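Visitor: Residue numbering for the sequence shown follows the working numbering, beginning at 8 and increasing consecutively.
Handing you a structure now.
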Amino acid sequence: MTAQELIRKAEDNGWREVRRVGSHRIFKKEGKVLILSVPDHGHKDLKPGLLGKLLKIIHS
């Protein structure tokens, strides 16, 4: 899964982009203490370990 696909899932689950830092996009969700930092390196697939952790945060 690419960063763009993951970002689409995050936005569909109520996360909104608050800023960009270099190649990372930072998201917040109302009512959550956590932030979501997604590395956006074009069309490269995210590594499985990172992808799993980010998906867990998105769906929590």
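Note that beta-carbon positions come from the ideal geometry of N, C-alpha and C, so glycine has one too.
Just so you know, these numbers come straight off a predicted model, no measurement behind them.
1. Looking at G21 and K36, is the spacing between their C-beta atoms short of 8 Å?
2. Just verifying my parser: in three-state terms, what is the DSSP assignment at L41?
3. Taking just the CA atoms, how far does K51 sit from H66?
4. Tell me the rounded alpha-carbon separation between A17 and R23.
5. In three-state terms, what does DSSP make of H31?
Guide: Working from what's here:
1. yes
2. coil
3. 22 Å
4. 8 Å
5. strand
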